[in-house]
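Accompanying notes for the structure given below.
Protein chains: 4
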Amino acid sequence: MRKAYSLQIKFPEQTEEFNKRPTKTARRSLSRSISQSSAESHSPVPSDSDSSLDEISPQDKQQKNSKGQTDFCVKDIKQAHFGRREIQIVEQEMGALIALKLRGQGDKPLAGAKIVGCTHITAQTAVLIETLSALGAECRWAACNIFSTHNAVAAALAEEGFPLFAWKGETEEDFWWCIERCVNVDRWQPNMILDDGGDLTHWIYKKHPEILQNIKGVVEESVNGVHRLYQLSKAGKLCVPAINVNDSVTKQKFDNMYCCRESILDGLRKTADVMFGGKQVVVCGYGEVGKGCCAALKAMGSVVYVTEVDPICALQACMNGLRLVKLSEVIRTVDIIITCTGNKNVVVREHMDRMKNGCIVCNMGHSNTEIDVASLRTPELRWLRVRPNLDHIIWPDGKRILLLAKGRLLNLSCSTVPTYVFSITATTQALALIELYNAPEGRYKQDVYLLPKKMDEYVASLHLQTFEAHLTELTDEQAKYLGVNKTGPFKPYYYR
Amino acid sequence: MRKAYSLQIKFPEQTEEFNKRPTKTARRSLSRSISQSSAESHSPVPSDSDSSLDEISPQDKQQKNSKGQTDFCVKDIKQAHFGRREIQIVEQEMGALIALKLRGQGDKPLAGAKIVGCTHITAQTAVLIETLSALGAECRWAACNIFSTHNAVAAALAEEGFPLFAWKGETEEDFWWCIERCVNVDRWQPNMILDDGGDLTHWIYKKHPEILQNIKGVVEESVNGVHRLYQLSKAGKLCVPAINVNDSVTKQKFDNMYCCRESILDGLRKTADVMFGGKQVVVCGYGEVGKGCCAALKAMGSVVYVTEVDPICALQACMNGLRLVKLSEVIRTVDIIITCTGNKNVVVREHMDRMKNGCIVCNMGHSNTEIDVASLRTPELRWLRVRPNLDHIIWPDGKRILLLAKGRLLNLSCSTVPTYVFSITATTQALALIELYNAPEGRYKQDVYLLPKKMDEYVASLHLQTFEAHLTELTDEQAKYLGVNKTGPFKPYYYR
Amino acid sequence: MRKAYSLQIKFPEQTEEFNKRPTKTARRSLSRSISQSSAESHSPVPSDSDSSLDEISPQDKQQKNSKGQTDFCVKDIKQAHFGRREIQIVEQEMGALIALKLRGQGDKPLAGAKIVGCTHITAQTAVLIETLSALGAECRWAACNIFSTHNAVAAALAEEGFPLFAWKGETEEDFWWCIERCVNVDRWQPNMILDDGGDLTHWIYKKHPEILQNIKGVVEESVNGVHRLYQLSKAGKLCVPAINVNDSVTKQKFDNMYCCRESILDGLRKTADVMFGGKQVVVCGYGEVGKGCCAALKAMGSVVYVTEVDPICALQACMNGLRLVKLSEVIRTVDIIITCTGNKNVVVREHMDRMKNGCIVCNMGHSNTEIDVASLRTPELRWLRVRPNLDHIIWPDGKRILLLAKGRLLNLSCSTVPTYVFSITATTQALALIELYNAPEGRYKQDVYLLPKKMDEYVASLHLQTFEAHLTELTDEQAKYLGVNKTGPFKPYYYR
Amino acid sequence: MRKAYSLQIKFPEQTEEFNKRPTKTARRSLSRSISQSSAESHSPVPSDSDSSLDEISPQDKQQKNSKGQTDFCVKDIKQAHFGRREIQIVEQEMGALIALKLRGQGDKPLAGAKIVGCTHITAQTAVLIETLSALGAECRWAACNIFSTHNAVAAALAEEGFPLFAWKGETEEDFWWCIERCVNVDRWQPNMILDDGGDLTHWIYKKHPEILQNIKGVVEESVNGVHRLYQLSKAGKLCVPAINVNDSVTKQKFDNMYCCRESILDGLRKTADVMFGGKQVVVCGYGEVGKGCCAALKAMGSVVYVTEVDPICALQACMNGLRLVKLSEVIRTVDIIITCTGNKNVVVREHMDRMKNGCIVCNMGHSNTEIDVASLRTPELRWLRVRPNLDHIIWPDGKRILLLAKGRLLNLSCSTVPTYVFSITATTQALALIELYNAPEGRYKQDVYLLPKKMDEYVASLHLQTFEAHLTELTDEQAKYLGVNKTGPFKPYYYR
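Protein sequence lines, in the order shown, are assigned to chains A, B, C and D.
Counting in the numbering used here, the first sequence runs from 1 upward without gaps.
Counting in the numbering used here, the second sequence runs from 1001 upward without gaps.
Counting in the numbering used here, the third sequence runs from 2001 upward without gaps.
Counting in the numbering used here, the fourth sequence runs from 3001 upward without gaps.
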């Protein structure tokens, strides 16, 4: 049975899709990228899988939780109390979701919802799942990534009674088996999908299209998953409404500007142990990520240069006191080079040949194409692995450049994503589910939607509470004067 | 003849329009507001009109320039050399327009264009008019405001041979007479309109509708003028294409964020002579203007609080380290209150009753409605004019609050607008004229358009040169990867 | 009688002293410099002296205040109520001095003190004089500068009964006559001196040495006056204790860092109307003044370079993200040059020959020697006065540089000094007087002292109240642990 | 033999000394504190000592380097090439020392110097030792801390021929044995001492006083060691000149302000994984460390409050836009509490009882006395170790506070010290040795000296080179005008 699935997951057109650039506007996905790097960045209980190699597969184990339930598959149900502790810890920073839970426990806006989910299984996700449940939903869950599952957390959810199928180190077969166990159940049919990457949706399309008749909506988190949905829509094959939560304003600002403003420092410090004061840094690209990086480094006393192709972003850089240069102008003198363009081959071998000894090169942008790392794999250059995520590339004359994370995303490879950022994501997902589930007939067609502005504003308002921040309310008179509703939305949908 | 016009300018529906709030999204117009405050902020040659009261009207004078031309009407042609000096001075900061002039002098993209213009007559406008002329256009010009004309500059333009009709201190009759002199000319018919406020366009609609057949397009600068155009369009009466330059990205950022970041300090210092360090300030509204004000004050060592109604802007304030409060929470302790909401009655009498002695109140927002100044006109309060633009309002117990500019816009009443900001506006206007004049048949219908993104980017790129800033160019490969044209536009039209 | 004095004020050695550099450590004096520029910066009631030329001298007028007193000499006693209003206005920002007045009104620490003072006569000084009086002192007062007296304020003090001798536009004879009237009185001998510039002290030394026997101490404000005292001391001629208040920590920080951080922006904006964003600026000197200027400009979006001779200051600049360069490296590209070195010929003709068109040059440093303005007075260069404090110097090829305030101190010539800064000074002066007057026999010898650290701390603590700032008090245990007294001083005297 | 030493190291008065607060002015020592925390923060080659437990002691091993030398004792000479790699890596950030080496290789200012050293043995120290050697000195070296030795680096030095006696995990006996091996050598007597902590100096005093006759000077790095020297001096027992390098300006600024500005973020992120944006933080103490912490957190978007006892520091906080409060005012609302006072019991149980759930408490100050951690060891509170350096303290009602590093120094326990900071220290040490060794007879008495200002400036100038920073040189005329020497010193010795 398991074998069968693995045979069928080779969808050639799918593979192509993964290699394409997801959307025109160079957006970044925490979720998908995390999945690619989760081994490094996701292990608060580091010994998690140390001895897993020699063990039998969770599929072949018989496990029961303390209530005697068996409808789950995790690595080791006995780890549940460790996982519960982790969940309790992250709840400290997920006040928004907790607030949503408390507000909704009365009217249970998800009563009757049967949600099948496929996301990273972390303590933060656990808070989401338990929130959905408290709001009335029944949930079944699988992991969207074979490495990112936090086994103890998975155990804690299973212990709580959630049918969850996930462990760290799944094979590709395991991966699809887990999804199938979520979807193909006697006497239970999902009516909502929460997906991160599109694999679950894809699976249902291919294997259980009959389920789609019941589905009231899909909520998709990742750039890749959203791209697949838009393709389905364009091909006329999307037969359910979908909400793209990746592009909500709040989430984007946190994923890009605010999170990167902090993680650039963390990533550089952890890998290169560099002092920022007085360093000359060039940041390639002055979009949201570049703006965050520049703000942080300038504040820490670095001298920051910017390269840009878009004159409007370039003028913003100027007005913020950053020298706008071509990379070649400063390449011989800078101490650190950071790419944030969403583009490819921004830093190429020719640049690296001209860098000074000790220059640090890293990537905060969209993918690992920004630095032409392949061009460094030539016989005359010596690679020296100095620390995890730090390689010295040594030129014949002894010059070294310090390449971080082999050119992969620094913030995900070498930094952590704070729980607060996950909270934004999870709250957005929960609200999108509520919206789709409760929307009156006809509000959503078989198309891909952005999160309604008003919901975006609601996510933001829930997160204000953490800061003991107090919103002002419009008077009736003022609302009328402005021509807006007192409860929002307050700005056009494209406002950032 | 002049009398006649003044009879006909009483369009009752028009007056209403002027009292209405211009657009839903609370934008601010430098141009219109300047006109309302130009007596205060616009006189580099201060003795300009001192002795004007006892003089005969320019209409009744016979003046010739040194080439013997008489097709103009200004205060005193002999002031031309003073005006020329002013023009030369501002050219230092208008490099973008000069660059445009130099680039276009060969192919003369406006050859054949006959532009009738109605704007403030300042040294900056003079650079615009001379640029349009160098690009091939014939121009006739009037003032859009009865107070804002810089007489010496007007003289310099007339001396150069431009048919210009404007002086400081026009009557309402004079105002329309000047416009008529621009429009109603033997053997010359305009084919382009550059308007600021909509009065010129309105006049042509009412008095010379036949001209509209020749008009290839209208470029409108102000919020009010744009509002009138949208109304015409909605009513199906707009019979020419129009470009709304007020809402171009570059212009908006400069009018709002960058310019206010500097003028808030200038305005407060000039009026209240306050030291910023250590002061507690509350900024009402965290849109672009509020963001600019907060950034400046925080940098100068003030403790800054923010009030907001929109949770997304509110969260941005939090992430930038600003405490989000309700006004009532801090009203008793703050030293300075700044409104930037575009709303009305944000600061009301009840607030002012609770402010501490010495509290400064001012407005950087959309109009003079943000502070309820009328509520201070009660018998128990004493008003003491301390300096121009500074009133002490004294409570019976001796408490004083310091009201700046009587609640009108501080940045326009009490600060100057740097030439660089005017340069953005003028360059945008010039490009919009070129675009409309050269657009192929059918690109623009009888509707109101935003400046094409690509032109917006071009305005930005011209202004980069002042900073010796160097844009990076995409390689063919990179452009293909991103799916954009190598020369832009690089972002969706709504990108800010 | 008056003639006599004028004969005797020609002390040749004195003149030399005035031309010498005051002290080794390049400190700056607000007070003295103000006196040199007070015509420009000191006239909230601008019509003050317009018609003074054709009037008879105040010396020759018979004036009485409303109590019938005649022991004063001011321009016009009838202006008293205007002056009182000014005094009330500045009291808003002089809370520290008011607090000192309230605290001391009970025990009157200056009871019996007979203070003769010689300072600028402004609204701020009036608050000081009235405070000294409330603390028990009898005061007689003259102006330390022939131009800086605010006539209406002088009238208000005279009206209040203070024997004050000062008006705007004194001749040199008047100046010494006024001082003589303060010092040489029947049945009243001063026992304390408050001086600003040293002229009063000098006069007493030369003309009334017998008074010195009664003097318990001298408080001196200015660099020049302090320099004279140190010279007296070195020569063994100082026969009273003196306190140098110019070098107190609090005062220095405000005069240099905090005040300049704000006034650099004000000064540049007022004179050159420049936008700061994106501008390239070089700041020569990274002492306290340079630190203030750099912080402000960086925050406003300028790209800031620094030149320094001292490696420690230079390293601080680097750690604050400022590029350390030699002036010649950036002279061709910068938009603004600001000198803050306390040195001479920092910007010379050779530099100015290489500056780009439109470059702004100004001085925030110690004196007008930093820019070699004299080198610009050559036939091939044309000077064009554009505005007060703004000259265009035009090279034969048309290049212009913009020289502000003819190279004199920008912050004093073209900006205002906030009352809060004066409050620091006045409070320091008052405390120094109290200290000297009440010090036990023997604490102070015939020497020049710095303000005791504890008093410096007290000045700071009084000024904290304006900010509703709350100091923490040490517990007994903590004070013991740190080895300090619970009430301070908390740091070594040289702590900055 | 070894036993004997261990008997004699129990000097009761010494133990007392260690418990006393070292100096009045609350300075912090990187070096000593590092020794206390080196197990955590000092292992770039983490497997260094994994298998050390079951091995024989280095003392009992016979080892030879590749040249056949045996005068050393390290863990494993075969690790030398790993250590050399580490040394090469850190040389990238120690350009100042390398520059000193290159400049001095010709005249060998330490020719004839026989230096005995006792410091941490790290890659950075290796660069120092090799520099001293290149300048002409003979060196013998021991570790100043039983845990901090980097074995591979020690091996690399031994391989190079340095008589070095140190390994990670020494016993106390080993510790003194190593020192003895450095000092007590046939036909070699030291004439210079470089000490960090005072143990080496103490040993020589107690065991080999005869050596002191040859000693030209002692250079001491740590607060504790300096304290011991001052005590010797006060007691009249100091018989050699000593330089206190701990208090040099450059070193202090880096240890305190610049280093903490970066390490506060690193430490908080690593332990509590917190996002800074929007967080409310109170920083107790606004000295250099507090200034660094506040600058960093404000820049990252935190709302920062400050507590202070010293009014001058308090006023500085105000002028930098920080609210000055008493801890009790904000204790219920803040998210993070950071102590930087050098004081004791700044945060006590009563405060912690009132903190909100999730509040983070940590210490950046002088010692582990600032937070009263002992008061949390009561039965009703539960401690939960969440991660290394992160404990949750759980109140009976479920409230948690997050205590970092058990109240020990966060920057040393949970962050790394960048090589650049070590470079400052090492360069200062080298220059102090050169100064003492070459000083003419009589310049230094038997007393404790600060590093001469000029040398301090030289350290700074060497470190400027890393930043491609260019100092300006005074002209002869300017130097004369300022009354300083062209080559410095430029400021009074107490300038910071």
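The beta carbon of each residue, even a glycine, is placed where N, CA and C say it ideally should be.
Limits of the unbroken alpha helix (DSSP H) element including residue i
i          : result
Lys1270(B) : 1259-1272
Trp1176(B) : 1172-1183
Glu1159(B) : 1151-1159
Gly3290(D) : 3288-3299
Sequence-distant residues of its chain with Cβ nearer than 6 Å to residue i (five each side left out)
i          : result
Arg3382(D) : Ile3394
Val226(A)  : Glu220, Asn244, Asn246
Own chain residues within Cβ distance below 8 Å of residue i, not counting five before or after
i          : result
Leu1431(B) : Leu1100, Leu1451, Met1455, Tyr1458, Val1459
Arg3332(D) : Arg3354, Met3355, Lys3356
Arg2387(C) : Thr2271
Ser1302(B) : Phe1276, Gly1277, Gly1278, Lys1279, Gln1280, Val1281, Ile1336
Cβ neighbours of residue i in the same chain (closer than 7 Å, five flanking residues each side left out)
i          : result
Ala2479(C) : Asn2485, Lys2486
Lys1216(B) : Asn1191, Met1192, Leu1436, Tyr1437
Pro2241(C) : Gly2217, Leu2436, Tyr2444, Lys2445, Gln2446, Asp2447, Tyr2449
Endpoints, beta strand (DSSP E) assigned at residue i
i          : result
Arg3385(D) : 3382-3387
Val2283(C) : 2280-2284
Ala2143(C) : 2138-2143
Pro2371(C) : Sequence check: residue 2371(C) is Ile here, not Pro. Here Ile2371(C) belongs to no beta strand (DSSP E), and DSSP marks it neither H nor E.
Buried versus exposed call for residue i [16 or more other C-beta atoms within 10 Å across all chains shown]
i          : result
Thr2378(C) : exposed
Lys3453(D) : buried
Asn320(A)  : buried
Leu2200(C) : buried
Gln2079(C) : buried
Asp2195(C) : buried
Identified DSSP bridge partners for residue i
i          : result
Tyr3449(D) : Ile3243(D)
Asp3195(D) : Cys3118(D), Glu3220(D)
Cys2073(C) : Phe2165(C)
His2392(C) : Leu2384(C), Leu2402(C)
TODO: Just list the alpha helix (DSSP H) runs in the region 3212-3262 of chain D, keeping only unbroken ones of 4 residues or longer that don't cross its boundaries, in chain order.
DONE: Note on the region 3212-3262 of chain D: whole alpha helix (DSSP H) runs with a minimum of 4 residues are 3223-3234, 3249-3253, in chain order.
Open item on the list: Going residue by residue through the region 1427-1486 of chain B, where are the continuous alpha helix (DSSP H) segments of at least 4 residues, counting only ones entirely within it?
Closed with: Taking 4 residues as the minimum length, the alpha helix (DSSP H) runs contained wholly in the region 1427-1486 of chain B are 1453-1464, 1476-1482, in order along the chain.
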